[in-house]
Amino acid sequence: AISKPYGSPEITKDGYKVMKSIKPEEPLAAAIASIITQSASQCNDKVGDGTTTCSILTAKVIEEVARAKAAGADIVSIKNGILKAKEAVLTALMSMRREVEEEEIAQVATISANGDKNIGSKIAQCVKEVGRDGVITVEESKGFKDLEVEKTDGMQFDRGYLSPYFVTNAEKMLVEFENPYIFLTEKKINVVQHILPILENVARSGRPLLIIAEDVEGEALSTLVLNKLRGGLQVAAVKAPGFGDRRKDMLGDIAVIAGAKYVVNDELAVKMEDISLSDLGTAKNVRITKDTTTIIGSVDSNSEVIASRTNQIKAQMESSTSDYDKEKLKERLAKLCGGVAVLKVGGSSEVEVKER
Numbered sequence: 002a003i004s005k006p007y008g009s010p011e012i013t014k015d016g017y018k019v020m021k022s023i024k025p026e027e028p029l030a031a032a033i034a035s036i037i038t039q040s041a042s043q044c045n046d047k048v049g050d051g052t053t054t055c056s057i058l059t060a061k062v063i064e065e066v067a068r069a070k071a072a073g074a075d076i077v078s079i080k081n082g083i084l085k086a087k088e089a090v091l092t093a094l095m096s097m098r099r100e101v102e103e104e105e106i107a108q109v110a111t112i113s114a115n116g117d118k119n120i121g122s123k124i125a126q127c128v129k130e131v132g133r134d135g136v137i138t139v140e141e142s143k144g145f146k147d148l149e150v151e152k153t154d155g156m157q158f159d160r161g162y163l164s165p166y167f168v169t170n171a172e173k174m175l176v177e178f179e180n181p182y183i184f185l186t187e188k189k190i191n192v193v194q195h196i197l198p199i200l201e202n203v204a205r206s207g208r209p210l211l212i213i214a215e216d217v218e219g220e221a222l223s224t225l226v227l228n229k230l231r232g233g234l235q236v237a238a239v240k241a242p243g244f245g246d247r248r249k250d251m252l253g254d255i256a257v258i259a260g261a262k263y264v265v266n267d268e269l270a271v272k273m274e275d276i277s278l279s280d281l282g283t284a285k286n287v288r289i290t291k292d293t294t295t296i297i298g299s300v301d302s303n304s305e306v307i308a309s310r311t312n313q314i315k316a317q318m319e320s321s322t323s324d325y326d327k328e329k330l331k332e333r334l335a336k337l338c339g340g341v342a343v344l345k346v347g348g349s350s351e352v353e354v355k356e357r
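Okay, structure coming up:
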């Protein structure tokens, strides 16, 4: 259990949570704890599990390095040895890997859920619903419902918020928006006047705004951050995924998911200043971390448009002669078709819900 200065203690077996709670006063111990916490954090971000094992392994590596150094070993040689060992271990692991079955996914999820088979089976159901490349999110259930799975249109891409000041959930360092508008552009935004009409229109609507652009910088980014800090419009900005033509394609995919009429670019006659609320995309929810953006559910049904876009990508795959291009098209298709599975978690108390 993790003791807190206020509220009930948190009961957990999550290695990352435990490491974050450890604050040694002795400088060397504090430095070691910080390294182990960083290691567990990276494991949590990339895999979502195994943080306890990762913490133990990191601590053991630190212990063995200290022992070797005390015995007179050269620190550079130790580092090179660790890097060589890493490559050997990764090669061995890759040679042993295999595709997991649905039942095995449920078993692994059950272990991570403190032996709760119900949660394990629901997570396996989520994977089945959206596929291996789909997105699974977890949220607290409204009411006293136990567990339920909801599949919806959506997409996740590897770009996070441009400023931590956009965060709405400080505990989890997340931006969480309900029913936001979404503005898409291939251009850089560095002058706030270009998007001022959009900001004013969205502010009057009382809804949040997500801006996805090549970049948002300078005066424009400063103004958005200042506006957020002053409690004005709920807004967040992220960089568009991909580069060059792939960025154009992925923005088009996001526009289809969100139901946006335009992706503003140099080829379009419509300027940023001319965009109205009806031209913007929408979503039921948006969640943004420092590394990823997840768009969950369109407000209006876009199934026909999504199907048309899907067929277009399939046709490109068939006509392409490049294996690399085919792989990238396959990735886009998986993101577009997979959707998002939302696992809604309930419980009899706040402590139970958080631990589940």
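If you read the sequence shown in our numbering, its first letter stands for residue 2, the second for the next number, and so on. Each residue gets a CB set at the ideal place from its N, CA and C atoms; glycine is no exception. Values in this document were obtained by computation on a predicted structure and should not be read as measured data.
Short Cβ contact (7 Å threshold) for residue i with residue j
{"i": "T1", "j": "G161", "result": "Because the chain spans 2 through 357 in this model, residue 1 falls outside it and cannot be assessed."}
{"i": "A342", "j": "V101", "result": "no"}
{"i": "K188", "j": "E218", "result": "no"}
{"i": "A237", "j": "N191", "result": "no"}
{"i": "I106", "j": "A114", "result": "no"}
{"i": "T52", "j": "C44", "result": "yes"}
{"i": "A284", "j": "I296", "result": "yes"}
{"i": "L185", "j": "I213", "result": "yes"}
{"i": "V257", "j": "V203", "result": "no"}
{"i": "G260", "j": "G282", "result": "yes"}
{"i": "S56", "j": "M20", "result": "yes"}
{"i": "D154", "j": "G339", "result": "no"}
Closest by C-alpha distance to residue i, when choosing among the options
{"i": "I124", "options": "V101, G132, D254, A110", "result": "A110"}
{"i": "K18", "options": "K152, E26, A34", "result": "A34"}
{"i": "K315", "options": "K47, S9, L334, Y166", "result": "L334"}
{"i": "N312", "options": "L337, K152, R231, D326", "result": "L337"}
{"i": "T224", "options": "P242, A241, I196", "result": "I196"}
{"i": "I137", "options": "T38, R288, K249, A67", "result": "R288"}
{"i": "Q126", "options": "E141, L148, G116, D15", "result": "L148"}
{"i": "P242", "options": "T294, L269, G233, M273", "result": "T294"}
{"i": "V62", "options": "K80, S304, M273", "result": "K80"}
{"i": "L278", "options": "I36, L211, E27", "result": "L211"}
{"i": "D15", "options": "I3, P25, E26", "result": "I3"}
{"i": "D46", "options": "K173, E26, E332", "result": "K173"}
CA-to-CA distance, residue j to residue i, given in whole angstroms
{"i": "D50", "j": "M156", "result": "22 Å"}
{"i": "L330", "j": "K262", "result": "23 Å"}
{"i": "D254", "j": "S309", "result": "11 Å"}
{"i": "K70", "j": "D326", "result": "48 Å"}
{"i": "A93", "j": "L58", "result": "17 Å"}
{"i": "K129", "j": "E103", "result": "7 Å"}
{"i": "E328", "j": "I23", "result": "44 Å"}
{"i": "R206", "j": "T169", "result": "In the sequence as presented, Arg is not what sits at residue 206; that position holds Ser. S206 and T169: Cα-Cα distance of roughly 19 Å."}
{"i": "P198", "j": "E140", "result": "34 Å"}
{"i": "V193", "j": "N286", "result": "25 Å"}
{"i": "S96", "j": "E319", "result": "31 Å"}
{"i": "A72", "j": "V48", "result": "36 Å"}
{"i": "A31", "j": "K5", "result": "19 Å"}
Reduced DSSP category for residue i - H, G, I as helix; E, B as strand; rest coil
{"i": "V226", "result": "helix"}
{"i": "D216", "result": "strand"}
{"i": "G339", "result": "helix"}
{"i": "Y325", "result": "helix"}
{"i": "A237", "result": "strand"}
{"i": "L200", "result": "helix"}
{"i": "I276", "result": "coil"}
{"i": "Y17", "result": "helix"}
{"i": "R99", "result": "coil"}
{"i": "N119", "result": "helix"}
{"i": "N266", "result": "coil"}
With 16 other Cβ atoms within 10 Å as the buried cut-off, status of residue i
{"i": "L84", "result": "exposed"}
{"i": "T322", "result": "exposed"}
{"i": "V176", "result": "buried"}
{"i": "A41", "result": "buried"}
{"i": "F158", "result": "buried"}
{"i": "K240", "result": "buried"}
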